[in-house]
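Quick notes on the structure that follows.
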Amino acid sequence: MVLITRKIEFSASHLYNNPELSPEENRRVFGKCNNPHGHGHNYALEVTVAGEPDPVTGMVLDLKELKEILEREVMQRMDHRFLNYEVAELKGKIPTCENIARLIWELLEPKITKGRLHRVRLYESADLFADCYRNGAGGV
Amino acid sequence: MQSREDYRTDFAGLGRSSAAPLRIELGRRYRFAASHRLHTEALSEEENARVFGKCANPYGHGHNYMLEISVSGEVDPATGMIANLADLDSFVEREVIEVFDHHSLNEDVAAFRDVVPTTENLCIEIFKRLKRFPKANLERVRVQETTNNSFEYAGE
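If you want it as structure tokens, here you go:
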């Protein structure tokens, strides 16, 4: 099995607010991330697909195809958007790294038909990221 | 802003999945600078010099270490988080950064009195310390000693 990783970057804004908590609790739990007008990040997304290289093409999947899937599913949905208000699938969820990584997994998994999605890693900054796997495929 | 109704409705759909459940891990990076000397009483001076090379120089030397940790757990629907970052950061600050940063690993850290402070052993010591984090499950630690060397430990 071979792992193949493609990286893309997008910029988006968000804020953390749970309407079921009081303003004071929101402030305590989310800190600066609760500032009412939001803030933004340069997100970096690494998508890893696992599979066997095709004997004819030598490829697990056509990277061009993966690039198009990422453009359609992620870039067009999230790049230069306010995640809370403009990404329908995040409505009612706190747009943390964990939840966005999970959404990206759910968007990509059915679209990847050659090989299988192995890992989605979403960096919110160089020092904070979330990984999503199916099953116990985590680890090195 | 989201209404209360949206919030309730949408959470009902979370967690739908096919075969195996999705696993989410949160990764976080920290930095500290420390000195060490690789040397053991168990070997002669010549053997120490042969095994550890420059790393056995008597007064030690230092690195800018980068620590990467991954924790797993349920994503709390109320916060969208596996663990509150402020809790994780303050735990790591207390258990690792305050203990190691701007210290001599050999002289200042009890665990390395009789154990060579290689980055392998540093990974194991950090893993032991952070495994006690009560609010999420530590999966693994990765320590980068320089941009060319990194080490990982995920428990036994």
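If you read the sequences in order, they're chains A and B. Residues in the first sequence are numbered consecutively from 522, following the working numbering. Residues in the second sequence are numbered consecutively from 444, following the working numbering. The beta carbon of each residue, even a glycine, is placed where N, CA and C say it ideally should be. Just so you know, these numbers come straight off a predicted model, no measurement behind them.
Can you give the beta carbon distance from Thr561/B to Leu481/B, rounded, assuming they're within the 8 Å contact cut?
Within the second sequence, residue 561/B is the residue found at index 118, counting from 1. Within the second sequence, residue 481/B is the residue found at index 38, counting from 1. With a Cβ gap of about 6 Å, Thr561/B and Leu481/B count as contacting.
Using three-state DSSP, classify Glu610/A as helix, strand or coil.
Numbered from 1 along the first sequence, position 89 holds the residue referred to as residue 610/A. Helix at Glu610/A.
Of all Cβ atoms in chain D, is any one closer than 8 Å to the Cβ of Leu531/B?
The structure shown contains no chain D; the protein chains it does contain are A and B.
Could you tell me the boundaries of the alpha helix (DSSP H) in which Phe620/A lies?
Within the first sequence, the letter at position 99 stands for residue 620/A. Looking at the sequence shown, residue 620/A is not Phe but Asn. Cys618 to Leu629 is the extent of the alpha helix (DSSP H) around Asn620/A.
Here's a check: name, in chain order, each residue in its chain whose Cβ is nearer than 6 Å to the Cβ of Ile529/A, leaving out the five neighbours to either side.
Taking the first sequence and counting its residues from 1, one reaches residue 529/A at position 8. Contacts found: Leu566 and Leu591.
List the residues of chain A that Ile525/B touches, going by C-beta distances under 7 Å, in chain order.
Start at 1 with the first residue of the second sequence, and residue 525/B comes out as number 82. By Cβ distance, chain A contributes Glu619.
With a threshold of 8 Å between beta-carbons, can Gly505/B be considered close to chain A, or not?
Within the second sequence, the letter at position 62 stands for residue 505/B. Chain A, which has no Cβ nearer than 8 Å to the Cβ of Gly505/B, makes this no.
With DSSP run on the structure shown, which of helix, strand or coil describes Arg537/B?
Locating residue 537/B in the second sequence gives position 94, where the first residue counts as 1. Helix.
Using the beta-carbon count (16 or more within 10 Å), is His479/B buried or exposed?
Translated into the one-based positions of the second sequence, residue 479/B becomes position 36. Under this definition His479/B is a buried residue.
Output the boundary residues of the alpha helix (DSSP H) element that contains Val641/A.
Taking the first sequence and counting its residues from 1, one reaches residue 641/A at position 120. Where Val641/A is concerned, there is no enclosing alpha helix (DSSP H), although the beta strand (DSSP E) it sits in stretches over Arg637 to Ser646.
For Ile525/B, which three-state DSSP category applies?
Locating residue 525/B in the second sequence gives position 82, where the first residue counts as 1. Coil, per DSSP.
With DSSP run on the structure shown, which of helix, strand or coil describes Leu604/A?
Position 83 of the first sequence, counted from the start, is the residue given in the question as residue 604/A. The answer is helix: DSSP assigns Leu604/A an H, G or I state.
Please compile the residues from chain A whose C-beta is within a distance smaller than 9 Å of the C-beta of Ala521/B.
Reading the second sequence from its first residue, position 78 is the one you call residue 521/B. Near Ala521/B (Cβ distances below 9 Å), the residues of chain A are Asn539, Glu541, Leu542, Val550 and Ile615.
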